[in-house]
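Notes follow once the structure below has been shown.
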Amino acid sequence: MAPKKKTTTKTKEKEGLRKEVRLLLWLALSLFLLFSLFTSSTGLFGGVLGKAILGLFGISGYLLPVILPVWVVMGNAPSLERHKYRVRSGMVIAFVGVILLSGFIHAESIRIAFDQKKTISVLFSGGHQLKTAGLLGSPLSFLVDKFLGRAGHMILIVVLLLTGIFFITSYSIIRFIRDMKSVAEKGKEISKKRKSREPVPSVLPEEPRELPKFLSKEPPERQREIPVHDYDHAFVRQEEEGKGDNEAVHEPAQVVKKEENAPTEQESRELEEDISRALAEKGKKVYKKPSVSLLHPKQKSTRNTDRERQEVLATAKKLEETLESFGVIARVVGITRGPIVNRFEMELEPGTKISRVSGLSDDIALHLGVAQVRVAPVPAKAAVGIEVPTKQNDIVTIRDMLGSKEFLQSASPLSFVLGKDIAGKPVVANLASMPHLLIAGSTGSGKSVCVNTIITSFLFRNSPDEVKLLMIDPKVVELSGYNGIPHLILPVVTDPKKAAIALGWAVNQMTERYELFADAGCRDIDSYNQANPENKLPRIVVLIDELADLMMVAPNQVEDSIARISQMARAAGIHLIVATQRPSADVITGLIKTNIPARIAFSVSSAIDSRIILDMGGAEKLLGRGDMLFLPPTSSKPRRIQGAFIADEEIQSVVRFIKNQDMEVEYDENVVQGSVEVETRQVEDELLPDAIRVVLDQRSASASLLQRKFRIGYSRAGRLVDMMEERGIVGPPQGSKPREVLVDFYDIQQSEEEA
72 MAPKKKTTTK TKEKEGLRKE VRLLLWLALS LFLLFSLFTS STGLFGGVLG
122 KAILGLFGIS GYLLPVILPV WVVMGNAPSL ERHKYRVRSG MVIAFVGVIL
172 LSGFIHAESI RIAFDQKKTI SVLFSGGHQL KTAGLLGSPL SFLVDKFLGR
222 AGHMILIVVL LLTGIFFITS YSIIRFIRDM KSVAEKGKEI SKKRKSREPV
272 PSVLPEEPRE LPKFLSKEPP ERQREIPVHD YDHAFVRQEE EGKGDNEAVH
322 EPAQVVKKEE NAPTEQESRE LEEDISRALA EKGKKVYKKP SVSLLHPKQK
372 STRNTDRERQ EVLATAKKLE ETLESFGVIA RVVGITRGPI VNRFEMELEP
422 GTKISRVSGL SDDIALHLGV AQVRVAPVPA KAAVGIEVPT KQNDIVTIRD
472 MLGSKEFLQS ASPLSFVLGK DIAGKPVVAN LASMPHLLIA GSTGSGKSVC
522 VNTIITSFLF RNSPDEVKLL MIDPKVVELS GYNGIPHLIL PVVTDPKKAA
572 IALGWAVNQM TERYELFADA GCRDIDSYNQ ANPENKLPRI VVLIDELADL
622 MMVAPNQVED SIARISQMAR AAGIHLIVAT QRPSADVITG LIKTNIPARI
672 AFSVSSAIDS RIILDMGGAE KLLGRGDMLF LPPTSSKPRR IQGAFIADEE
722 IQSVVRFIKN QDMEVEYDEN VVQGSVEVET RQVEDELLPD AIRVVLDQRS
772 ASASLLQRKF RIGYSRAGRL VDMMEERGIV GPPQGSKPRE VLVDFYDIQQ
822 SEEEA
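Residue numbering for the sequence shown follows the working numbering, starting at 72 and increasing by one per position.
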């Protein structure tokens, strides 16, 4: 009997070891699945697996990395054996409920998919994009919706989810009803205690007791005076006895201070006249800067300030009541009236987190009857700002901004206007200090108007000798109106292929300038221009209006050029402005974002798009029509601005004024001509002569051959093969076969002798 017992013990040990190994493998698979769904670090297999799961189940697929380990543990843990079938059944039921919920949310997309011919591919891709319930979940949801209707569909979802939760937690429905009843009774007891603590009028006079400010129930208009600050009209209400602690104090807008030794306007005018006479003597025409009289005058405001004052005070009271209904005790201590939003500065009860208020933004918007509400801390104040859209918007005009003292007093030639902040202060930015800018937002949010505002600011401040513009407009119609002005290096580039070459030219120009600075012993363009006043270099602004179109044609070349310019071109006086209406990760790549710290986000459809642009949410709460978040490189918090508006007629008027000066327009057509020569000059490789000898010796050309011979990467080897094809040494690719060698050593020697 002893040998049998020993054999049984060994068998149990082996079975236990198998279970542990099996459990470890399933847990590893679950972990790999988790990384496949949420990251891109699992290679080709992980990427295919993640796409397949989302394509089959939609957003419900994200539950599988949670369900799978629980499922395995329940089947391999002896102590949990008796709960295995109950918990597993509950997970299956709840998972089906989540699938039906996803289908209920995306019912319209699923219905449209079933009306199309390629239903399977549409449902699969829709599941991967989280727009349907996936290839398996969508038909199930479609059938339930067809037979039970929307109401029955929702009831079935609730039943499945509750049943699954009850199965998993072993929590009965009767117990749930009992607990809900006890919670309701406790709530009644608490409300009775609150009523019993309310002060009851006494016959004998008592000394007045001052209640804590956060427990006071007096209406705001009786208890205190709320200062209301308007950016355009002087209706500011202050405390009766001096300025209280709660008076709204607004951060001044950025104003570039004049230097103490700066010349006066009279001296500047005389200096300009002297320069004009000197240039006229040399036969060179003087650039006359456009006047603000070319732009539309500001429309007179029709706002009723008294009525508006009463409305914002009523909104403040309603805001306090709304927050109190959600258990957040706060009070309004200041109101700021902006062009399109009112900011209510809320003082929170000690211990209240800002996240509690920001999490209630949708509920606040619903109670106030507005489209969107944004919650953000007030700079340099112990208050949180709740930004509520105004009932009547004010248009911020480009004429008003270009005539502001902030813009006129700015010393940098690359200063440009953006708009007005919440306090109504003009905001002027300086591209030279950024030194590059990324602009992104959905269609119709005001991105193109902002780009035109920046260009107009440059034209109002600088002559063609001071600033040159390289405009790239793959959409053709946005920037073509600027053709013919002397500020352009060449006509607006509309061909995406030529645009990639033009960016390569900018990289070469940057390199040439640095070589010029090194020869002159200068560090940057300012020191070089001071040392060479007769041969000053203009600053160059490269402006791309739609990055997505370029990334579709030549993504690697465009990304590399933008990265090199943004990393190194600041001291060379070359600056980059990139705009796109598709803020996705394949357009605004990590390499581009890293090197462009200054960003402007207009209204986007989701918080994901906002995080791609700003690395934080907030842009999804914007109102559109010029409403933007400006994140300068010196700040970690974005600033809300209403962008300045410029009409097409105003742009045409400014361009016409500049063209009528009949200044000499010099275009450098070599920027986009001879693409083969430009590319060859850009990617000239020192290994090319040796690579040609190897190919001629082996009578075969392939990237793998050059990799083995020179121990280089595949991309460099591929470039060498392409360069040999351009020179006619090897033929075109032939699939998996090596390329044909078209010449021999004799031909090479003969061509070198002729050269």
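Just so it is clear, CB atoms sit at the ideal spot from N, CA and C, and this is done for glycine as well.
Backbone secondary structure at residue i - three-state DSSP
i: Asn413; result: strand
i: Val57; result: Given that the chain is displayed from residue 72 to residue 826, the structure contains no residue 57 and the question cannot be resolved.
i: Val141; result: helix
i: Phe701; result: strand
i: Ala349; result: Bear in mind that a pLDDT of 48 at Ala349, under 50, signals an unreliable position, so the number given afterwards is only what the model happens to contain. If DSSP states are grouped into helix, strand and coil, Ala349 belongs with the helices.
i: Phe16; result: Residue 16 falls outside the range modelled here, since the chain spans only 72 to 826, and no answer is possible.
i: Leu88; result: helix
i: Glu737; result: coil
i: Gly555; result: coil
i: Leu134; result: helix
i: Arg487; result: It should be pointed out that residue 487 corresponds to Phe in this sequence rather than to Arg. Phe487: strand per DSSP, three-state reduction.
i: Arg221; result: helix
i: Met251; result: helix
i: Pro562; result: coil
i: Val814; result: coil
i: Ser807; result: coil
i: Glu418; result: strand
i: Val446; result: strand
i: Arg157; result: helix
i: Arg427; result: helix
i: Ile611; result: strand
i: Leu342; result: Note on Leu342: pLDDT 46, under 50, position unreliable in the model; no value is reported.
Proximity below 9 Å, CB of residue i to CB of residue j
i: Asn731; j: His507; result: no
i: Ser173; j: Ala204; result: yes
i: Ile663; j: Ala634; result: yes
i: Pro567; j: Asp620; result: yes
i: Pro654; j: Ile684; result: yes
i: Ile469; j: Thr524; result: yes
i: Val736; j: Pro609; result: no
i: Ala184; j: Leu194; result: yes
Span of the beta strand (DSSP E) around residue i
i: Gln732; result: From DSSP, Gln732 is part of no beta strand (DSSP E); its letter is neither H nor E.
i: Phe397; result: Where Phe397 is concerned, there is no enclosing beta strand (DSSP E), given that its DSSP letter is neither H nor E.
i: Gln713; result: 710 to 714
i: Lys476; result: It is not in any beta strand (DSSP E) - Lys476 instead sits in the alpha helix (DSSP H) that spans 476 to 479.
i: Lys202; result: Element bounds for Lys202: n/a, residue is neither H nor E.
i: Glu458; result: 455 to 460
i: Thr651; result: 645 to 651
i: Met472; result: Met472 -> not in any beta strand (DSSP E); alpha helix (DSSP H) instead, spanning 469 to 473.
i: Met542; result: 538 to 543
i: Arg402; result: 401 to 408
i: Ala640; result: Segment: none, Ala640 is in no beta strand (DSSP E) and carries neither H nor E.
Residue i: CB within 8 Å of a non-hydrogen atom of the ligand NAD
i: Asp544; result: Of ligands this structure carries none, so the ligand NAD is not represented either.
Residue closest to residue i, alpha-carbon to alpha-carbon, out of the options
i: Val215; options: Val254, Val563, His199, Leu171; result: Leu171
i: Gly490; options: Leu502, Val612, Arg711, Gly802; result: Arg711
i: Ile425; options: Leu96, Val455, Glu152; result: Val455
i: Ala453; options: Gly430, Glu420, Met734, Ile648; result: Glu420
i: Gln638; options: Thr582, Ile671, Gln652, Ser676; result: Thr582
i: Ser101; options: Leu384, Ile138, Pro709; result: Ile138
i: Ala690; options: Gly517, Ala401, Ser112, Ser483; result: Gly517
i: Val548; options: Thr113, Val538, Thr565, Asp536; result: Thr565
i: Phe716; options: Ser707, Phe728, Asp698; result: Asp698
i: Ser706; options: Arg670, Arg810, Val446, Pro210; result: Arg670
i: Leu758; options: Leu777, Leu550, Leu767, Gly644; result: Leu777
i: Pro484; options: Met622, Leu530, Gly220, Phe128; result: Leu530
i: Trp142; options: Tyr133, Val163, Ala788, Gly126; result: Val163
i: Ile729; options: Thr527, Thr190, Leu120; result: Thr527
Residue span of the alpha helix (DSSP H) that contains residue i, given as start and end
i: Asn501; result: Premise fails: Asn501 lies in the beta strand (DSSP E), 497 to 501, not in any alpha helix (DSSP H).
i: Val801; result: Careful: Val801 lies outside any alpha helix (DSSP H) and carries neither H nor E.
i: Ile684; result: 678 to 685
i: Ala494; result: Careful: Ala494 lies outside any alpha helix (DSSP H) and carries neither H nor E.
i: Val624; result: 618 to 624
Supposed contact pair residue j and residue i - C-beta distance, whole angstroms, cut 8 Å
i: Pro545; j: Ala570; result: 6 Å
i: Val578; j: Ile636; result: 6 Å
i: Ile435; j: Val444; result: 5 Å
i: Gly552; j: Val726; result: 6 Å
Below-9 Å beta-carbon distance, residue i vs any chain D residue
i: Ile248; result: Considering every chain present, this structure includes no chain D. It has just one protein chain.
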